[in-house]
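Down below is the structure, laid out as structure tokens.
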């Protein structure tokens, strides 16, 4: 929720949003492996314990490298925007200056967009529909 607050630095908001997306992205593979193990044990198949350990090591390594990349990029003042799929999703969700034009912030720092003005033609077409 703080990641949508425009009064917070954009780099901080970007990193918060990216952390949420990364958490979700790393949750699903673990869920699939857990369900796969449950289904295979229910079917009477045995999966060697080394397979699960290798998967966990790969997931941890991916997380560690991603966190290191984000920390170094942020320390240098750059957006860590090279994480495949996740960074683009965060960029699409981040408010831009075009979106903020004409809006205001309330007392809690939430953005209130400016409502478009209605034209007389719109009012007439609404009356015609009735």
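Numbering (my numbering), first residue to last: 98 to 227.
For each residue, glycine too, the CB sits at the ideal point set by N, CA and C.
When the Cα atoms are used, what is the spatial distance from residue i to residue j?
i, j, result
"residue 186", "residue 201", "25 Å"
"residue 142", "residue 133", "11 Å"
"residue 181", "residue 126", "16 Å"
Nearest to residue i by alpha carbon, out of the options?
i, options, result
"residue 110", "204, 209, 190, 203", "190"
"residue 156", "142, 140, 106, 128", "128"
"residue 124", "159, 102, 139", "159"
Let me know if residue i comes out buried or exposed under the rule of 16 or more other beta-carbons within 10 Å of its beta-carbon.
i, result
"residue 177", "buried"
"residue 104", "exposed"
Report, in whole angstroms, the separation of the C-beta atoms of residue i and residue j, which I expect to be a contact under 8 Å.
i, j, result
"residue 204", "residue 167", "Not confirmed; about 32 Å, so no contact."
"residue 163", "residue 119", "6 Å"
"residue 144", "residue 153", "At roughly 13 Å, the Cβ-Cβ gap does not stay under 8 Å, so residue 144 and residue 153 are not in contact."
"residue 149", "residue 130", "7 Å"
"residue 122", "residue 183", "6 Å"
Would you give the residue range spanned by the alpha helix (DSSP H) that residue i belongs to?
i, result
"residue 150", "146-172"
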